[in-house]
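Down below is the structure, laid out as structure tokens.
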Amino acid sequence: MRVTDKMVYQTANERTMQARVRLEKSVADVSSGRRIRHPADDPAGAAFVSTAKLLENRLAAIGQGVERASGELTVAESAMREMGNVVVRGRELAMQLGTDIYTADDRRASAAEADSLFRNMVGLLNTEMGGRFVFGGFQDDAAPFDPAGNYLGDAGVRQVEIAPGVLENASLRADVAVKGVGGGVDVLQSLQNFAEALRNNDTDGIRAALENFDRGLNQLNQASIAAGSSLTIFESAAQVADLGQLRTQVQIAGVAEVDLFEASGRLALANQALEASIAASAQSFRMSLLDRL
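According to my numbering, the stretch in the sequence shown is residues 84 to 376, in order.
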């Protein structure tokens, strides 16, 4: 088969174009730092990256949700502890003023402090954070307790995702911990009854308040324990979400991004290949010309 000038030119041109394409890809890899710039570059890798990014975004959302829930529950737990201090003070007064050494005037004077304890408790129950009342259940856009101590919220318990598909309680039920829903004692009513007993010099009522205060304090402590348990879970969940994001980012980088050292080596080789192809083509043309002379 006779090799014509046209065939020499076409062969040289094809080799040069192939070398140029490899060089351009190597340049793009190094300059962008990415191995997959279009799905066609690696369909399987592109599908993996797309799925991994969805997971990364979900883990980021979980971390943000856990962080906010942790902040709100911390505020709620702190308020519960303060309520416990209120009840402890009420119990101290009941023990003190239930003895016979105090007069009716002494008890009436102390009724003002009992009233103050009640108002303090209501104020703590109307604690809010970021425009949301933390003790109102799902009805968190308005104060859950009125000045008389009536509960205006609902029985809802907010939850937050701590892992894909896994939920954890992120709020406390004040109707249970304070109002005694489900068989407990109404702490607010106990404070009101105690203040009334002091005003009426009712020693039996004052002594009876002790048991209610003990039961109420136990309810508040149980709520604080539940909050502390959830906070511990939130802390672990936040760490897991952060590690999961980092691991997913590393996996994405391993598939979608280039190794710059390796890519730089390929770029140098591609450049050398192009130069060699051009030189070889030039030599072929010279030899073809010599054949004509």
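Every residue, glycine too, gets a C-beta built ideally from N, C-alpha and C.
key: Nearest-angstrom Cα separation, counted from Leu255 out to Gly167   = 15 Å
key: Inter-stretch contact at 8 Å, needing at least 3 Cβ pairs: the segment 205–217 / the segment 177–190   = no
message = Classify Val104: buried if its beta carbon has 16 or more other beta carbons within 10 angstroms, exposed otherwise.
response = Unreliable placement is indicated for Val104, whose pLDDT of 48 sits below 50; no coordinate value is reported for it.
query = Got a sec, what are the start and stop residues for the alpha helix (DSSP H) Val170 sits in?
reply = Pro126 to Leu180
query = How many whole angstroms separate the CB atoms of Thr210 and Val158, which I take to be in contact at a CB cut-off of 8 Å?
reply = 6 Å
message = My assumption, with CB atoms under 8 Å, is that Arg191 sits in contact with Arg282. Please give the rounded CB distance.
response = 6 Å
request  = Would you be able to state if there are at least three C-beta pairs under 8 Å between the segment 241–259 and the segment 212–225?
outcome  = yes
inquiry  = Just to confirm the assignment, what range does the beta strand (DSSP E) spanning Ala253 have?
reply    = Unbroken run through Ala253: none, as it is neither H nor E.
DSSP state of Arg330 mapped onto helix, strand, coil = helix
query = Enumerated in chain order, which unbroken segments of the alpha helix (DSSP H) with a length of 4 residues or greater are wholly contained in the segment 198–285?
reply = 257–260 and 270–282
message = Taking its Cβ as the centre, do 16 or more other Cβ atoms sit within 10 Å of Asp224, making it buried, or is it exposed?
response = exposed
request  = Count the other CB atoms, across all protein chains shown, that sit within 10 Å of the CB of Pro55; report buried if there are 16 or more and exposed otherwise.
outcome  = For the chain, the structure presents residues 84 to 376; residue 55 sits outside this window and is missing.
query = Asp183 by DSSP, collapsed to three states: which one?
reply = coil
request  = Quick one: using the 10 Å Cβ neighbour count with 16 as the cut-off for buried, is Leu303 buried or exposed?
outcome  = buried
task = Mind reading off the beta-carbon distance from Ile245 to Ile316? Whole number of angstroms is fine, and I expect it under 8 Å.
result = 6 Å
query = Leaving out five residues before and five after Ala238 in sequence, what residues of the same chain have Cβ atoms less than 7 Å from its Cβ?
reply = Gly220, Arg256 and Asp258
request  = Rounded to whole angstroms, what's the CA-CA distance from Gln322 to Val268? Just pull it up for me.
outcome  = 38 Å
inquiry  = Ala197 and Phe277 - do their beta-carbons sit closer together than 7 Å?
reply    = yes
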